[in-house]
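Engineer: Protein chains in written order, with the working numbering: chain A, 353 to 824; chain B, -13 to 462. By construction, the Cβ of each residue, glycine as well, lies at the ideal position given by its N, Cα and C atoms. Before I ask anything, here is the structure I am working with.
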Amino acid sequence: MIEMMKKDFCESEKHINEAIQKAQKLQAKLNAVVTFVDPSEQIENAKKKSEGLMSGVPIVLKDNVSTKGIRTTASSHILDNYVPVYDAHIVDLLRNHGAVNIAKASLDELAMGGTNLTAATGAVHNPWDLSRISGGSSGGSAVLVASGVVPFAIGSDTGDSVRKPASYCGVIGVKPTYGRISRYGIIPYASSLDHVGYFVRNVKDACIGLEVVAGRDDRDMTSSYKEVQHYSEVCDGSIKGKKIGIIKNVMNSITNKAVIESFNSLIEKLKSEGAEVKEITFDEDLLRAILPTYYMIANCEATANHANLDGIRFGKQMPADSTEEVMVASRTAGFGIQVRKRFITGSYGLFVENQEKLLRKAQRVRRLIVEAMHTALEDVECLIAPAASGIAPSIESEKMDELASEYLVAENHMVMGNFSGYPSMTLPMGFDEGCPLGVNITCKPFEEVTMFNIGYGIERCTGLKDLVAEVK
Amino acid sequence: MQYDVVIGIEIHCELKTKSKMFSSSPVSFGKDANSCVNEVDLAHPGVLPCVNKGAVEQAIKACTALHLEIDPVVKFDRKNYYYSDLPKGYQITQQFYPIGTNGYVEIETSKGKKKVHINRIHMEEDTAKQFHLSEGTLIDYNRAGTPLIEIVSDPDMENGEEAAAYVETLRQTLYYLGVSDVKMEEGSMRCDVNISLKPKGSTVFGVKNEIKNLNSISNVQKAIDFEIERQSKLLDEGQIIEQATRRFDEATKSTILMRLKEGTVDYKFFPEPNIVPIRLSKEWIEEIQANLPELPDERKARYEKDYQLNAYDISVLLANKELADMYELVMKTCNNAKLACNWMSGDVLAWCSKNEKTLNEMSMIPSHLAEMINMIEKGDISGKQAKEVFEDVMNGKDPVVVVEEKGLKQVSDTSLIEALIQEVLNDQPQSIEDYRNGKDRAVGFLVGQVMKKSKGQANPSMTNKMIVEELNKRIK
């Protein structure tokens, strides 16, 4: 898709205008865009970058990506008027490859959430069924790719925030290895778990996308020096002899027949293409501990990460008599209830009398889970499991029982990819009630080539490629 | 009642680096407000810290000079608190694994030498500067993110003199290392003193008070002296000392209560997730350590050996590194170390302060000053004449040329002086008579006459000596 648009260079202005028009037309239904971006300067730039891998290709950025001169809100009231003075590293890379950013997409406030219901601009709707959620926190980006507005959108993934909405929206969501893409300029949620990720509609585009945005950045000390491979050339899509491990615990916890059937059918096809599939069982207690462990680490880091949002130097400032009162007033008015809850949880976990039994314990559990993944991946090249226990929930639906295994294990196993930093991606694997179901694969660190090869295999087996939701 | 005084000192010291601790913006002093900041210093959303290698190098130098053990794995932590001078809402510091631990420094006071132990040195970043006005608060972020080291001593000091000696020793050491400007008055070195009293011989520590922001070494001593008196008086009266933070007031030379300590603040320290632990290579550390500049102690030993100066003279020179450096340049060609020291620490410094110039700003050439001193030493010019030459030397002139131009050359030719003496004695028979009768002042009169005849160019001490010899001959 990306290559096609790029080849069609003289048509690129047309592509961009079509994308903007489509996004504007769908906005009333999807509510995926926070800010539309005037593309004229970028189009001029794209003309000079005809060799770029995304020259003239319209793209979308999640609104937690810092864009110089373009309002960046992270879907939070406190940043409602914030216009950054600098570009994120990936924005520089995308510009160098001639990509044209047409919009800043909605997210759960400060990327804290899995529903996209907490965005300051309101819920984002699933293009396959407008009564359903997009998933989050990168909901806006997922929806704009799923509805065919753009072929590529940047998201961020702290606890499956790219891969879950990808599953709900029938697109591919990629979260490469921690350190593969610079986080400089991404408004954080939790630094040790945050990854830059992206949405595409086919595996080829996933390869091209990573070639563009990956690479060492001296401004991010956690970014890797490892050379970026030419994924689209290196990957041959062969899965013959590839060793794939099914996470048995996830399958055991899922009750939805459509999920089980499409997953099993995919596995049979993978086997018929020559993949060696085995079942892997994790310690169930470890998997049930993923969610609390995640919440503890993420919220502790988040409460400190967002201490800079105080209304003093940027963002919404509430008038008051002293700097202290300005900070209190601005923060009280600026954050939604979900965010405040997480800050309180995080603060509580950091208190000196709690830290050992909360944050430090969570970090040790994280280590155990990563060790278990490491061990599992000694026998196989890839772990596979459904990305969710079903299709996207309805916006009005009751919350799931958060202590049931179906929730704790099936809905949260992808967070293991954040704990470990291992590369992980979600692809469409079937449909239920007209809405997409996703499958997730996770590989060893920096083995994106293996991940994309298996992704190609899955794409072939399911035949689900370049899906575009027709918004009704 | 008699008390033991327990003093510990925390020193924050700004490191001399080109850029900030975690960002690439320049470190500055006295620049326009908010002109040396970037998005990292202002903690704009999405920025990440990047450790300044130069700052780590400076910290390693400080640790080495102060005999601390260096942790080869550098880790940072977050110290969380909300304050408007702290852009991120947390300070990146080294709470759990400081770069250096367990060192010492040797101080010298009137009671002799003593080791003061240094508990730890850690790296961190400075805050912004705030100006509270009636209209509101102004914030200058230029200082935000400036690299700092905090040097924490053990409570090893017992009086103001020791504390002052400790701070001065650190100040000199860090300055000679080139690690910091250590200007207490500008805040590039800041000193907090913890002090408590306990009954003499007791093993139980008393309640401590912290005295903040002492802006000179003499104030460190004055504040401690005051605090010892204040606390002993309270204890003598049977009152209790409350744990508090106090500040030194220059005007009244007393410490003033800022706030009582109400429980300790929980800074919720936790490891900084954006900075992975950095393993320093052994070779790099060793290379830094091998190339340390000469430290004050080493210089002191060298001055004793090479120049045979006394302890006081050496301490005067070392207290001012630029002065000591220039002294060494002078001594390259100067034959009298003591005389050179007197001129440097006396006339040269006085000239600088009179002309409002720093040592580095003067046009004086050290070899010229050396030549002038050598001329005095040889007796070519008198001390009095030298004062005339000095002014020109300070303005960059060669003393040989100056002496020539002014016709100041002192006559030390014995035959010339001999002739003048004969002339004078022949003219003044009364003086010879006076001398015979024991009136010594006749000598002075005769010297004066010779000087007059020589138009002031005769070497006075030589003249004096020769007149006495001649008189003794004549009265036999």
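Among all the DSSP beta bridges, which residues are the ones paired with T159/B?
Structural biologist: According to DSSP, which records beta bridges pairwise, T159/B is partnered with nothing at all.
Engineer: Nearest CA to the CA of G786/A: which residue from P745/A, I354/A, D444/A and A371/A?
Structural biologist: P745/A
Engineer: So P185/B contacts chain A; which residues on that side make the cut at Cβ distance below 8 Å?
Structural biologist: Under the 8 Å cutoff, chain A gives no residues; its nearest Cβ is about 33 Å from P185/B.
Engineer: Excluding sequence positions up to five away, which residues of its chain have a Cβ less than 6 Å from the Cβ of N300/B?
Structural biologist: First, the amino acid is wrong: residue 300/B is Ile here, not Asn. Cβ neighbours of I300/B beyond the five flanking positions: K286 and Y289.
Engineer: From T794/A, L639/A and V704/A, pick the residue whose C-alpha is nearest to that of L720/A; which is it?
Structural biologist: L639/A
Engineer: Which two residues bound the contiguous beta strand (DSSP E) that contains S483/A?
Structural biologist: D481 to I485
Engineer: What's the call for Q158/B, buried or exposed, on a 16-neighbour Cβ count within 10 Å?
Structural biologist: buried
Engineer: Considering just the uninterrupted stretch of the beta strand (DSSP E) at P780/A, what are its terminal residues?
Structural biologist: S776 to D784
Engineer: Just checking: is the beta-carbon of I78/B within a distance shorter than 7 Å of some beta-carbon in chain A?
Structural biologist: no
Engineer: When the Cβ atoms of the segment 229 to 238 of chain B are set against those of the segment 251 to 269 of chain B, are three or more pairs found closer than 8 Å?
Structural biologist: Cβ pair count under 8 Å is below three, so no.
Engineer: What residues in the segment 648 to 660 of chain A bring their beta carbon closer than 7 Å to a beta carbon of chain B?
Structural biologist: Residues C652, E653, A656, A659 and N660.
Engineer: Which residues in the same chain have their Cβ closer than 7 Å to the Cβ of G522/A, if we skip the five residues on either side of it in sequence?
Structural biologist: W480, A498, P780, P788, L819 and A821
Engineer: Could you name the residues of chain B that P775/A contacts, counting a contact when the two beta carbons are closer than 8 Å?
Structural biologist: By Cβ distance, chain B contributes nothing, its closest Cβ being about 19 Å from P775/A, past 8 Å.
Engineer: With distances taken from CA atoms, which of E136/B, N445/B, T449/B and I(-5)/B is nearest Q207/B?
Structural biologist: I(-5)/B
Engineer: In the DSSP assignment, find the unbroken beta strand (DSSP E) run with Y90/B in it and report its ends.
Structural biologist: G86 to T95
Engineer: Between the C-alpha atoms of N660/A and L445/A, what's the straight-line distance to the nearest angstrom?
Structural biologist: 26 Å
Engineer: State yes or no: is the beta carbon of G32/B nearer than 7 Å to at least one beta carbon in chain A?
Structural biologist: yes
Engineer: In the structure shown, what three-state DSSP assignment does S182/B receive?
Structural biologist: S182/B falls in the strand class under three-state DSSP.
Engineer: Return the CA-CA distance between I264/B and A471/A, expressed in angstroms with no decimal places.
Structural biologist: 38 Å
Engineer: Please work out which residues of its chain come closer than 8 Å, Cβ to Cβ, to E144/B, disregarding the five sequence neighbours upstream and downstream, and give them in chain order.
Structural biologist: D(-10), V(-9), V(-8) and I(-7)
Engineer: Let me check understanding here. Comparing Cα to Cα, which of G742/A, D731/A and T684/A lies closest to Y759/A?
Structural biologist: G742/A
Engineer: Just checking, does the segment 111 to 119 of chain B make contact with the segment 797 to 809 of chain A on the three C-beta pairs under 8 Å criterion?
Structural biologist: The segment 797 to 809 of chain A and the segment 111 to 119 of chain B do not touch, with fewer than three beta-carbon pairs separated by less than 8 Å.
Engineer: Just to confirm my understanding: we take G686/A, look at its own chain, exclude 5 residues before and 5 after, and list those with CB closer than 6 Å. What are they?
Structural biologist: H429, I430 and K668
Engineer: Just reading off the beta strand (DSSP E) that K414/A is part of, what are its end residues?
Structural biologist: P410 to K414
Engineer: Under a three-way DSSP split, which group does S699/A fall into?
Structural biologist: Shown here, S699/A sits in a helix according to DSSP, grouped into three states.
Engineer: At a CB-CB cut-off below 9 Å, which residues of chain B make contact with F388/A?
Structural biologist: In chain order: nothing, as chain B lies at least about 21 Å away.
Engineer: Starting from the beta carbon of M679/A, find every residue of chain B whose beta carbon is closer than 8 Å, and list them in chain order.
Structural biologist: Y68 and S70
Engineer: Residues in its own chain within less than 7 Å of S543/A by CB, not counting five upstream and five downstream?
Structural biologist: E653 and N657
Engineer: Could you round the C-beta distance between E404/B and D167/B to whole angstroms and report it? I think they count as a contact, below 8 Å.
Structural biologist: That pair is no contact at about 59 Å.
Engineer: Between R176/B and chain A, is the shortest Cβ-Cβ distance under 7 Å, so that the two count as touching?
Structural biologist: no
Engineer: Quick check on this structure: which residue in V102/B, Y67/B and C49/B has the alpha carbon closest to the alpha carbon of P84/B?
Structural biologist: C49/B
Engineer: So the alpha helix (DSSP H) M803/A belongs to, where does it begin and stop?
Structural biologist: E800 to T814
Engineer: Using beta carbons (cut-off 7 Å, strictly below), is F551/A in contact with chain B?
Structural biologist: no
Engineer: When the distance is taken between beta carbons, is D27/B closer than 7 Å to G173/B?
Structural biologist: no
Engineer: Taking beta-carbon pairs under 8 Å, can you tell me which members of the segment 565 to 599 of chain A lie near chain B?
Structural biologist: Using a CB distance below 8 Å, the part of the segment 565 to 599 of chain A facing chain B consists of D570, R571, D572, M573 and T574, ordered along the chain.
Engineer: Answer yes or no: do L134/B and E110/B have a C-beta to C-beta separation smaller than 7 Å?
Structural biologist: yes
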